Amino acid sequence: MLLARVAEEKIASLYRAGKIHGGVFLGRGQEALSVAAGLALRKSDVFAPLIRDGAGRLAFGEPLIDAVRTYLGSRLGPMRGRDGNVHRGYPREGYLPMISHLGAMISVVNGVLFARRMKGIPDVVGLASVGDGATSTGSFHEGLNQAAVERLPLVLLIANNQYAYSTPNHRQFACRDLADKAAGYGVTCHTVDGTDFMECLRVLPAVVARAREGGGPQMVVARLLRLCGHGEHDDAGYIAPEFKTSALGRDCLHVAEEQMMQEQAVNAAELEAWRIETMEKVERVIARVQREPAPDPFQEDWRAIQTAHLVEVSASANPVDSRAPGAPQP
Amino acid sequence: MSVTYLEAIRAAQARALAEDPRVFIYGQDVGAFGGAFKATKNLIAEFPGRVLDAPISEDAMMGLAVGAAIEGLRPIIEMQFADFSTAGFNQIVNQAATLFWRTQVPCPIVIRLPGGGTSGSGPFHSQNMEAVYAHYPGLVVLTPATVEDAYSLLLAAVALEDPVIFCEHKLLYYHLKAEALPNEALPLGKARLAREGRDLTIVTYSAMVHEALAVAQELCLEGWEIEVVDLRSVKPLDTDTVMASVARTGRLLCVGESWPWGGVTAEVIARVVSEGFDLLDAPPQRLNAKDTPVPFHPNLWAAHRPTARSIAAAARTLLRS
């Protein structure tokens, strides 16, 4: 949680300094839920994170440097400059790189689970992360229904952070509670206070275990508030002030720190030391990535299919214009 | 003993299932029912657990295929009608078609699209989708015109590491017959010279190949030798074979059953004009369906798409120019 928070704050400051192309999307306020999801999974499981899952990605095992490289567009990153920011992963390792169309990853997780079942690989769980906005999509409906029909070990985690970009819940859905939707699919639903770190740590592993034991698809609805804009370009002026002062608006990281101090798992001095150590780690990784090479259009193979001899020669024989934006300067 | 275009598609799927344990079929009514057109008839009995009925969820069908392909399986997705693939469009063009580019992980999926007009089918059971999918990077788009190609191209598609849009023409399903399934085939990506000639090249694909061949036969009686190029694959497009033919004839007519704006015929003409303008003795022409939805009534339907009659008229005009 702390590493995700610190790293994302640093990435946001690089964005404000104009050092990042494209958007920056923070998980501020969602770290407790996300990290609990990542921790509840095994490395051999399947994870399709969404834009606010920086903490869950780290917990699932993504090295910090992958996030930094993807944001900074390093050629050495997993996406090599072909895709950026939150669009990263290693599909063959069960870590799926999201596309931007919401709800679309649910059925892809289903497909991985379906294939592993067909191959006879036991004890796998797949977790797809979405927000309140995705629940309005056709993909959400089709994906959840498909998982239920195939009785797949899917955990569908819905972070209800009250707004999809600027659109409040009451313009997004008309049911009393998103959890009510689960019954219509024949799926069990669980709810969790996403601001409460300890509760997240209790609920998520139990839900994952239930899916693993053959309980079929599980839905989790978490209540929380996004403590930032949709992206760093967004000042989130639309968030109602009463939300910010309500229990939903408390910072899950502070809650987690208090909970751990109450349990006497850590004291204030140790927390401060963690913070300093984490900041140093983040600084080191960013400094390293900033020295790494950017993608070079002249070395790019510009090939969208694996089968080289089927690449259209005349269509791809479009030499890079050295004056084009992004081309290396002489 | 003869084999229809549809039987060839079924036979290719049976062979793929038998030879490759990674292959499975997923689509609406493909299981015990054997598919809306019976392209998967009895396959569920021969290959239990590997031919699965899907809910009416084209988006989720495609998403599942992508996940399974990531895991190394080889899904064959049957869209009940090509028209309905628009309901799975996002997963096809944004998920399947971008996966390799983004991650270097290949996405071997065959998406079977029963398409093309048949009289009485109307606006939503008649569409040709090849141009739409060919527009997107990351997809291979095949358009078999013969029984032999329906069989061999489908097998080649299943063996490919990339997502393939396999455009089957419903009009050919039952009446197009061959003596036997082929033992060998032209490589994928290569166009076929369906008929040789020296006066005019007709470039076409799918069901229109047969209309073009009928025209070539008819004009032969008038003393013209028409060359017919069957593209077989619209992406990649075998520009070399097209150019070589135009170099021989000097005249080009492109025929497609799809709508006129953009598309395969426009692409062929653009390439010939930009790369082989000097080969042309007359302005190249193209003939497509009319720019309206596909009509239901046979009188309207027959006038909506190119026919041997309209192709012959266009060819005669071009031959005289």
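First to last, the sequence lines map onto chains A and B. The first sequence: position 220 = 220 (this note's numbering), numbered continuously. The second sequence: position 252 = 582 (this note's numbering), numbered continuously. No residue lacks a Cβ here, since even glycine has one placed at the ideal position from N, Cα and C. In this text the structure is predicted, and so the values were computed from the model without any measurement.
Residues that THR70 (chain A) contacts on chain B, provided the C-beta gap is smaller than 8 Å: Neighbours of THR70 (chain A) on chain B: none; closest Cβ ~11 Å, over 8 Å.
Hey, could you find the ends of the alpha helix (DSSP H) LYS629 (chain B) is sitting in? In the sequence on display, residue 629 (chain B) carries Asn and not Lys. Where ASN629 (chain B) is concerned, the enclosing alpha helix (DSSP H) stretches over 628-634.
Give the single residue among B:ALA612, B:LYS371, B:ASP568 whose Cα lies nearest to the Cα of ALA601 (chain B). Here the sequence assigns Arg to residue 601 (chain B), which means Ala is not the residue at that position. Ranking the options by Cα distance to ARG601 (chain B), first place goes to B:ASP568.
Is there at least one Cβ from chain B nearer than 8 Å to PRO319 (chain A)'s Cβ? Its pLDDT being 47, under 50, PRO319 (chain A) is placed unreliably in this model, and the coordinates cannot settle the point.
How would you label GLU263 (chain A), buried or exposed, when you count the other beta carbons within 10 angstroms and need 16 or more for buried? exposed
If contacts are defined as beta-carbon pairs under 8 Å, then ALA461 (chain B) and GLY592 (chain B) qualify, I think. What distance do you get, rounded to the angstrom? 6 Å
To the nearest angstrom, how far is the alpha carbon of ARG323 (chain A) from that of ARG69 (chain A)? Annotation note: pLDDT 42 at ARG323 (chain A) (below 50); position unreliable, no value reported.
Does any CB atom of chain B fall closer than 8 Å to the CB of ASP83 (chain A)? yes
Assuming ILE106 (chain A) and LEU156 (chain A) are in contact, meaning their beta carbons sit under 8 Å apart, how far apart are those beta carbons, in whole angstroms? 6 Å
Please report the distance separating the alpha-carbon of VAL311 (chain A) from that of LEU469 (chain B). 10 Å
Helix or strand or just coil, what does DSSP make of SER246 (chain A)? coil
If contact is defined by three or more beta carbon pairs under 8 Å, each pair taking one atom from either stretch, is the stretch 412-429 of chain B in contact with the stretch 379-393 of chain B? yes
Inspect the CB distances between the stretch 450-460 of chain B and the stretch 400-408 of chain B and report whether three or more fall short of 8 Å. no
Any beta carbon from chain B within less than 8 Å of LEU110 (chain A)'s own beta carbon? The amino acid occupying residue 110 (chain A) in the given sequence is Asn; Leu does not appear at that position. Taking Cβ atoms only, chain B reaches closer than 8 Å to ASN110 (chain A), which makes this a yes.
Amino acids of chain B, ordered along the chain, whose beta-carbon sits closer than 7 Å to that of ALA149 (chain A): The sequence shown places Val at residue 149 (chain A), not Ala. Within chain B, the residues near VAL149 (chain A) are PRO385.
Taking the CB atoms as reference points, tell me whether ILE556 (chain B) and ALA645 (chain B) lie closer together than 8 Å. yes
Considering only the alpha carbon of each residue, which of B:VAL603, B:TYR466, B:SER604 lies closest to TRP431 (chain B)? B:TYR466
For a test of your reading of the model: does the CB of THR534 (chain B) fall under 7 Å from any non-hydrogen atom of the ligand COA? Yes or no. Ligands in the displayed structure: none, and consequently the ligand COA is not present.
The alpha helix (DSSP H) spanning ARG80 (chain A) covers which residue range? Per DSSP, ARG80 (chain A) belongs to no alpha helix (DSSP H) and is neither H nor E.
What did DSSP end up calling GLY665 (chain B) once you bin it into helix, strand or coil? Only positions 331 to 651 of chain B appear in this structure, which leaves residue 665 (chain B) out of reach.
Can you pull the chain A neighbours of GLU491 (chain B), defined as C-beta to C-beta under 7 Å? GLN306, THR307
Helix, strand or coil at ARG522 (chain B) according to DSSP, with G and I counted as helix: strand
Tell me whether the stretch 48-57 of chain A and the stretch 171-181 of chain A touch, counting them as touching only if at least three CB pairs, one residue from each stretch, are closer than 8 Å. no
Taking CB distances under 8 Å as the criterion, tell me whether GLU401 (chain B) reaches chain A. yes
Residue of A:ALA308, A:CYS200, A:ALA240, A:GLU93 minimising C-alpha distance to VAL221 (chain A): A:CYS200
With three or more C-beta pairs closer than 8 Å as the rule, is the stretch 355-375 of chain B touching the stretch 524-532 of chain B? no
Do ARG345 (chain B) and ALA369 (chain B) have their C-beta atoms within less than 8 Å of each other? no
Check the Cβ of PRO614 (chain B) against every Cβ in chain A and list those closer than 9 Å, keeping chain order. The contacting residues do not exist; PRO614 (chain B) stays about 16 Å from chain A at best.
Counting beta carbon pairs with one atom in the stretch 236-243 of chain A and one in the stretch 36-51 of chain A, are three or more of them shorter than 8 Å? no
Give a yes or no on whether the C-beta atoms belonging to PRO512 (chain B) and GLU478 (chain B) are separated by under 8 Å. yes
Who are PHE354 (chain B)'s beta bridge partners in DSSP? B:PRO405
Nearest chain B C-beta to GLN329 (chain A) closer than 8 Å, yes or no? Because GLN329 (chain A) sits at a pLDDT of 39, beneath the cut-off of 50, its placement in the model cannot be relied upon, and the following sentence gives the value as read from the coordinates. Taking Cβ atoms only, chain B never reaches closer than 8 Å to GLN329 (chain A), which makes this a no.
Using only CA atoms, which one of A:VAL112, A:PRO122, A:ALA104 lies nearest to ALA134 (chain A)? A:ALA104
Rounded C-alpha distance that separates LEU506 (chain B) from THR334 (chain B): 6 Å
Over the uninterrupted alpha helix (DSSP H) stretch that includes SER136 (chain A), give me the two end residues. Segment: none, SER136 (chain A) is in no alpha helix (DSSP H) and carries neither H nor E.
For CYS252 (chain A) and LEU2 (chain A), the rounded distance between their alpha carbons: 11 Å
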